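Protein chains in written order, with the working numbering: chain Z, 1 to 251; chain X, 1 to 301; chain H, 1 to 286.
Even for Gly, the Cβ is constructed at its ideal location relative to N, Cα and C.
Model, not experiment: these values are computed from the prediction.
Below you'll find the structure, written out as structure tokens, and then a few comments.
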Amino acid sequence: MSHPLSPPAEILRATGLHAGYGAGDIIKGVDAALGQGRIVTIIGPNGSGKSTLIKTLAGLLPARQGEIELEGQRLNELSAPKRVRAGIAYVPQEYNVFRNLTVLENLQIAREFMGAGRSHHRVLDDEVAGLFPELGTHHKTQAGNLSGGQRQMLAFACALTVRPKVLMLDEPSAGLSPKYMSDVFDKVKRVNAMGVSILMVEQNAREALRISHTCIVLAGGRVRAVAPASEVLGMKDLNSLYLGDAQATLH
Amino acid sequence: MTSYLVLLGIVVCFSAILALALNFQWGLGGMVNFGLTGFYALGAYASALLMLRAGANSFFAVLGAMAVVAAVCGLVAFITLRVTEEDYFAIVTLGVGEMLRLVALNEDWLTKGALGLTGIPRPFGDVIAPENYQYFLLALAVVLLLATLWFLNAVARSPFGRLVRAVREDDVVAATLGKNVLWVRVRIFAIGGGIIGLAGSMHGFYYQYIDPTQFSNIVLAYGFMAVIAGGRGAHRGAIFGAAAVMVLLEGSRFLKDLIPALDSDQLAAIRIIIIGVGLILLLIYRPQGFMREYRLQTELK
Amino acid sequence: MLQTTFNGIITGVIMTLPALAVTLLFGVLKFPNFAVGAMMTVAAYMAFALNAQLGWPLLPATAAAALAMGTLCIGIDHVTFKPLRERGGITLMVASLGLGFILENIARFAYGNSARSFAIELARPFRIADVRMNQEQMITLGVSTAAMILMYLLLTRSPMGRAMRAVADNPSLALVRGIESPRVIRWTWFIAGMLLAVGGVLIGMDRALEPPMGSNYLISVFAAAILGGLGSPLGAFVGALVIGVVSELSTLVVPPNYRIGVPLCAIAVILIFRPQGLFGHPYIRK
Chain Z
1 MSHPLSPPAE
11 ILRATGLHAG
21 YGAGDIIKGV
31 DAALGQGRIV
41 TIIGPNGSGK
51 STLIKTLAGL
61 LPARQGEIEL
71 EGQRLNELSA
81 PKRVRAGIAY
91 VPQEYNVFRN
101 LTVLENLQIA
111 REFMGAGRSH
121 HRVLDDEVAG
131 LFPELGTHHK
141 TQAGNLSGGQ
151 RQMLAFACAL
161 TVRPKVLMLD
171 EPSAGLSPKY
181 MSDVFDKVKR
191 VNAMGVSILM
201 VEQNAREALR
211 ISHTCIVLAG
221 GRVRAVAPAS
231 EVLGMKDLNS
241 LYLGDAQATL
251 H
Chain X
1 MTSYLVLLGI
11 VVCFSAILAL
21 ALNFQWGLGG
31 MVNFGLTGFY
41 ALGAYASALL
51 MLRAGANSFF
61 AVLGAMAVVA
71 AVCGLVAFIT
81 LRVTEEDYFA
91 IVTLGVGEML
101 RLVALNEDWL
111 TKGALGLTGI
121 PRPFGDVIAP
131 ENYQYFLLAL
141 AVVLLLATLW
151 FLNAVARSPF
161 GRLVRAVRED
171 DVVAATLGKN
181 VLWVRVRIFA
191 IGGGIIGLAG
201 SMHGFYYQYI
211 DPTQFSNIVL
221 AYGFMAVIAG
231 GRGAHRGAIF
241 GAAAVMVLLE
251 GSRFLKDLIP
261 ALDSDQLAAI
271 RIIIIGVGLI
281 LLLIYRPQGF
291 MREYRLQTEL
301 K
Chain H
1 MLQTTFNGII
11 TGVIMTLPAL
21 AVTLLFGVLK
31 FPNFAVGAMM
41 TVAAYMAFAL
51 NAQLGWPLLP
61 ATAAAALAMG
71 TLCIGIDHVT
81 FKPLRERGGI
91 TLMVASLGLG
101 FILENIARFA
111 YGNSARSFAI
121 ELARPFRIAD
131 VRMNQEQMIT
141 LGVSTAAMIL
151 MYLLLTRSPM
161 GRAMRAVADN
171 PSLALVRGIE
181 SPRVIRWTWF
191 IAGMLLAVGG
201 VLIGMDRALE
211 PPMGSNYLIS
221 VFAAAILGGL
231 GSPLGAFVGA
241 LVIGVVSELS
251 TLVVPPNYRI
261 GVPLCAIAVI
271 LIFRPQGLFG
281 HPYIRK
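Here it is in structure tokens:
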């Protein structure tokens, strides 16, 4: 990707982030930034802390050290629901829909609780509805009865219902058939085109990098490299990146 | 006054044994026994009935009671341990405890129902002079408490104890190692049950009269309070806790003298309110109290 | 037989509201709350105070007691369960046990052990098709049905109802969908408190008011909620009716004193063999 004339402002930034579940930290001093309107993908081997990082940004895990900022506003003290209302939407990897509620109810909840004081006239914004036509026919189905791919779409749609500033996706293509997988990345691109900045964690690195602007490499709880996605795509062996120490230049 | 302290000491001893049993099943075995009260009653009634109906002497009555409660606990564990959720196990044991209490209340032909059983003989009751008996009973109670302590420690330190801890940490791993997980748990619950039976028998010796009203869920509360108040550090904790709880509760009997305006129903109500408040306060302010880890005592007095 | 079945239906209907309270509390708070029996008792006595002592008609007395109980429950949660929220099921269960002792004995302290009754006009029982019924039972049927319909609407049509079901389904997902858990918890206690209050008054009308009145129903109410599936409101309704009818019918074969044995066995059997009950769904604990 060629250099833009002026780099975009950072909409989401993490500085020196430490977090973990038990005694030790899983992420140790992570610096990461998401440019406005960009798609950034985080790759790394299993156990590198990718999910932990996203959960910490979402507010499900407290940041033990470090700062999280959304458009310059410090998020550390905000609870997860408040961060949602500030404009960060998060789609977990698994259990990302309310299985005992219907598709319609899932969307209603998103509409009712994710936006602060926005109008609630339509359950699904027309643009978003256009993105997920298949949901229209399944309004009354219990989310637990949908197929894996349909659930993923529903989770995605819920996160978009109140047009977030930032959308964070944890392995959106996990467990999906190839058809759904390319569908997911296609939708991610289109959502980005609507103005939503996207931060993704992905195992299917190549597919994700194809639509991304920037790639962050995370291994062992630390950032090993940050580079334009196209550069990383060009590399034959991603493993060397995982062992790296240096931080490449941004964008 | 000495007499009062001696009697209090006896009560502390068998309450501590009961707390140790709860601690053993819960702390080591990871199985919380909400039916403690019912099993305690079972032990008391079994021991009393063996002496009164079957003419057994106190020694065999105690053994018999321990065996009965151990067997019932083992059976309950065997059937119930299909349930994996801790909470559900607790509810089922609560139900079993209630059922045992119901049987005690209703099977008049066996237990004399609400009237209860009177005239329970005491160990060596006819041999020792009445005025000295309480000291003997205290000594016996202390010996039994120490014996229980020693025994439970020995079990915890034994290979079996290590196995139990391994099973509790990760029963999938233990199962793949070929250990029969269910059987291990059943045994722990049964051993704890035997100890409960011992405590129940001692209850009978002390009061010489048992009826269903003595076995309300307050007993369960006492047990938890003792285990929680004791804090970390397996056994000494449970004993200390039992002592503290008993002192608190016996002390509250003196309320009657302080507030003459209240009638006995109201005083009884206040005592139970104090128990409830005490239990909740202990839970809130003694965070390390609810032992998840069964610590080994390396020295034994 | 028909009479027994009818009595069973009434008992079941009385239990529907408390069973629903139990299941809502379990769904949102993730532990079985053993204080619900005593909560019913306290609320019933509150209504008694207004009704028999201050002369209010029973309906406004019940409404006031319901609002009071709902508010009281929020306070109780704040003081007792909130500090223990992170500690896990057993701690919370033990705390609820202690709370039950406290509440029941507050009632005992205030009103003693003798049985009391509400001040309602006596009406003659009547017969329909060989089954004897009385006015209290008709009121019970009416009130419970109305309450269940209201609850159904609340849970399916209102945002807070949906939020409660969402939290019961998956608490951490609820957080990232913008649902603030303290608010949902407060509303759940308020609603549960009101349901328990109405249930308590119905028990007081059916039997009498005495300190153990609520606790006597604790096991049956839990059996109903567990049979229906903890966390499923529909299950609470169905479970209550089934337990009610089966318990009453069992008196035809089992000695009356062992009536409580039926729900007890039901609990054990269900939890061992089918813990999710009839309508329960698997749910996420955290």
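(request) Give a yes or no on whether the minimum CB-CB distance between Ser3 of chain X and chain H is below 9 Å. (result) Counting from 1 along the second sequence, the entry for residue 3 of chain X is found at position 3. No, no contact with chain H.
(request) Indicate the three-state DSSP secondary structure (helix, strand or coil) for Thr4 of chain H in the structure shown. (result) On the third sequence, residue 4 of chain H is found 4 positions in, with the first residue counted as 1. Of the three classes helix, strand and coil, the one that applies to Thr4 of chain H here is helix, per DSSP.
(request) Kindly indicate if chain H contains any beta-carbon less than 9 Å away from that of Asn23 of chain X. (result) Here residue 23 of chain X corresponds to residue number 23 of the second sequence, with the count starting at 1. No, Asn23 of chain X lies away from the interface with chain H (no Cβ there is under 9 Å from its Cβ).
(message) Taking CB distances under 9 Å as the criterion, tell me whether Ala49 of chain H reaches chain X.
(response) If you number the third sequence from 1, residue 49 of chain H lands on position 49. Closer than 9 Å: no.
(message) What does the Cβ neighbour count give for Gln73 of chain Z, buried or exposed, with the cut at 16 atoms within 10 Å?
(response) The sequence position of residue 73 of chain Z within the first sequence is 73, counting from 1. Per the 10 Å Cβ criterion, exposed.
(message) Please report the straight-line C-alpha distance between Val162 of chain Z and Ile79 of chain X, rounded to a whole angstrom.
(response) Position 162 of the first sequence, counted from the start, is the residue given in the question as residue 162 of chain Z. Position 79 of the second sequence, counted from the start, is the residue given in the question as residue 79 of chain X. If you take the alpha carbons of Val162 of chain Z and Ile79 of chain X, they lie about 51 Å apart.
(request) With DSSP as the reference, label Ser117 of chain H as helix, strand or coil. (result) Position 117 of the third sequence, counting from 1, holds the residue named residue 117 of chain H. Coil.
(message) For a test of your reading of the model: does the CB of Ile14 of chain H fall under 8 Å from any non-hydrogen atom of the ligand HEM? Yes or no.
(response) The ligand HEM is not part of this structure, which contains no ligands at all.
(message) Here's the rule I'm using: 16 or more other beta-carbon atoms within 10 Å means buried, otherwise exposed. How should Leu167 of chain Z be labelled?
(response) Position 167 of the first sequence, counting from 1, holds the residue named residue 167 of chain Z. Burial call: buried.
(request) Mind listing the chain H neighbours of Leu110 of chain X? Cutoff is C-beta to C-beta under 9 Å, in chain order. (result) For this step, residue 110 of chain X is matched to residue 110 along the second sequence. Going along chain H, no residue has its Cβ under 9 Å from Leu110 of chain X, so there is no contact; the nearest lies around 14 Å.
(message) At the 9 Å Cβ level, is Gln108 of chain Z part of the contact set with chain H, yes or no?
(response) In the first sequence, residue 108 of chain Z corresponds to position 108, counting from 1. True, the Cβ-Cβ gap to chain H drops below 9 Å.
(message) Contact criterion: CB-CB distance below 9 Å. Does Gly87 of chain Z meet it with respect to chain H?
(response) Taking the first residue of the first sequence as position 1, residue 87 of chain Z is located at position 87. Taking Cβ atoms only, chain H never reaches closer than 9 Å to Gly87 of chain Z, which makes this a no.
(request) Any chance you could list the alpha helix (DSSP H) runs of at least 4 consecutive residues sitting entirely within the region 14-93 of chain H, in chain order? (result) Entirely contained in the region 14-93 of chain H, the alpha helix (DSSP H) runs reaching 4 residues are, in chain order, 36-48, 58-76.
(request) Taking Leu252 of chain H as the query, report the chain X residues whose CB atoms sit under 9 Å from its CB, ordered along the chain. (result) One-based indexing of the third sequence puts residue 252 of chain H at position 252. None at all; the shortest Cβ gap to chain X is about 17 Å.
(request) Find out if the Cβ-Cβ distance for the pair Met1 of chain H, Leu252 of chain H is shorter than 9 Å. (result) Position 1 of the third sequence, counted from the start, is the residue given in the question as residue 1 of chain H. Position 252 of the third sequence, counted from the start, is the residue given in the question as residue 252 of chain H. Yes, the Cβ-Cβ distance between Met1 of chain H and Leu252 of chain H is below 9 Å.
(message) Whole angstroms are fine: how far does the CA of Arg101 of chain X sit from the CA of Phe101 of chain H?
(response) Along the third sequence, read from residue 1 onward, the residue named residue 101 of chain H stands at position 101. Along the second sequence, read from residue 1 onward, the residue named residue 101 of chain X stands at position 101. In a straight line, the C-alpha of Phe101 of chain H is about 18 Å away from that of Arg101 of chain X.
(message) Let's see if you can read the secondary structure: which residues bound the beta strand (DSSP E) around Glu10 of chain Z?
(response) Here residue 10 of chain Z refers to the residue found at position 10 of the first sequence. Element bounds for Glu10 of chain Z: 10-19.
(message) Which residues in chain X have a C-beta closer than 7 Å to the C-beta of Asn33 of chain H? List them in chain order.
(response) Taking the third sequence and counting its residues from 1, one reaches residue 33 of chain H at position 33. By Cβ distance, chain X contributes nothing, its closest Cβ being about 11 Å from Asn33 of chain H, past 7 Å.
(message) Whole angstroms are fine: how far does the CA of Gly280 of chain H sit from the CA of Ile9 of chain H?
(response) Here residue 9 of chain H refers to the residue found at position 9 when the third sequence is read from its first residue. Here residue 280 of chain H refers to the residue found at position 280 when the third sequence is read from its first residue. Rounded to whole angstroms, Ile9 of chain H to Gly280 of chain H spans 22 Å at the Cα level.
(message) Can you tell me where the beta strand (DSSP E) holding Asp31 of chain Z begins and where it ends?
(response) As a position in the first sequence, residue 31 of chain Z is number 31, starting the count at 1. It spans 27-35 - the beta strand (DSSP E) in which Asp31 of chain Z sits, taken as one unbroken run.
(request) For the region 84-115 of chain H, enumerate the residues whose C-beta is nearer than 9 Å to any C-beta of chain Z, in chain order. (result) none
(request) Rank X:Val69, X:Leu94, X:Thr2 by C-alpha distance to the C-alpha of Ser216 of chain X and give the top, closest one. (result) Locating residue 216 of chain X in the second sequence gives position 216, where the first residue counts as 1. Measuring from the Cα of Ser216 of chain X, the nearest candidate turns out to be X:Leu94.
(message) Just to confirm the assignment, what range does the alpha helix (DSSP H) spanning Pro178 of chain Z have?
(response) Here residue 178 of chain Z refers to the residue found at position 178 of the first sequence. Bounds of the alpha helix (DSSP H) holding Pro178 of chain Z are 178-193.
(request) Would you decide whether Met235 of chain Z is buried or exposed? Buried here means 16 or more other CB atoms lie within 10 Å of its CB. (result) For the purposes of this step, residue 235 of chain Z is taken as residue 235 along the first sequence, with counting starting at 1. With fewer than 16 Cβ atoms within 10 Å of its Cβ, Met235 of chain Z is classed as exposed.
(message) At the level of alpha carbons, what is the spacing between Thr141 of chain Z and Gly149 of chain Z?
(response) Start at 1 with the first residue of the first sequence, and residue 141 of chain Z comes out as number 141. Start at 1 with the first residue of the first sequence, and residue 149 of chain Z comes out as number 149. Thr141 of chain Z and Gly149 of chain Z: Cα-Cα distance of roughly 15 Å.
(message) Are the CB atoms of Phe224 of chain X and Val76 of chain X within a distance shorter than 9 Å?
(response) Counted from its first residue, the second sequence places residue 76 of chain X at position 76. Counted from its first residue, the second sequence places residue 224 of chain X at position 224. Contact flag unset, no.
(message) Suppose you measure from the CA of Ala114 of chain X to the CA of Gly244 of chain H; what does that come to, to the nearest Å?
(response) Here residue 114 of chain X is taken as the residue at index 114 of the second sequence, counted from 1. Here residue 244 of chain H is taken as the residue at index 244 of the third sequence, counted from 1. Whole-angstrom Cα-Cα distance: 27 Å.
(request) On a CA-only basis, which of H:Met213, H:Pro255, H:Ser250, H:Arg127 is nearest Thr4 of chain H? Give me that one, please. (result) Working through the third sequence from its first residue, we reach residue 4 of chain H at position 4. Nearest of H:Met213, H:Pro255, H:Ser250, H:Arg127 to Thr4 of chain H, Cα basis: H:Ser250.
(message) Using 8 Å as the cut-off, can you tell me whether the region 41-61 of chain X makes contact with the region 120-138 of chain X, which would need three or more C-beta pairs spanning the two stretches below that distance?
(response) yes
(request) State the DSSP-derived secondary structure class of Asp87 of chain X, mapped to helix, strand or coil. (result) Residue numbering aside, residue 87 of chain X sits at position 87 when the second sequence is read from its first letter. The answer is helix: DSSP assigns Asp87 of chain X an H, G or I state.
(message) Which residue wins for smallest C-alpha separation from Gly136 of chain Z, given the options Z:Met114, Z:Leu107, Z:Glu207, Z:Ala19?
(response) Position 136 of the first sequence, counting from 1, holds the residue named residue 136 of chain Z. Cα-wise, what sits closest to Gly136 of chain Z is Z:Leu107.
(message) Tell me the residue span of the alpha helix (DSSP H) that contains Ser264 of chain X.
(response) Sequence index remark: in the second sequence, residue 264 of chain X carries index 264 (1-based). 264-285 is the span of the alpha helix (DSSP H), which, as asked, contains Ser264 of chain X.
(request) Please work out which residues of its chain come closer than 8 Å, Cβ to Cβ, to Asn100 of chain Z, disregarding the five sequence neighbours upstream and downstream, and give them in chain order. (result) If you number the first sequence from 1, residue 100 of chain Z lands on position 100. The answer, listed in chain order, is Gln142, Ala143, Gly144.
(request) Taking Glu85 of chain X as the query, report the chain H residues whose CB atoms sit under 9 Å from its CB, ordered along the chain. (result) Here residue 85 of chain X refers to the residue found at position 85 when the second sequence is read from its first residue. Near Glu85 of chain X (Cβ distances below 9 Å), the residues of chain H are Gly89, Leu271, Pro275.
(message) Suppose contacts are defined by Cβ-Cβ distances below 9 Å. Is Val227 of chain X in contact with Gly241 of chain X by that definition?
(response) Your numbering for residue 227 of chain X matches position 227 in the second sequence. Your numbering for residue 241 of chain X matches position 241 in the second sequence. Yes.
(request) Mind checking which residues open and close the beta strand (DSSP E) that includes Ala225 of chain Z? (result) Mapped onto the first sequence, residue 225 of chain Z falls at position 225. Unbroken beta strand (DSSP E) run through Ala225 of chain Z: 222-228.
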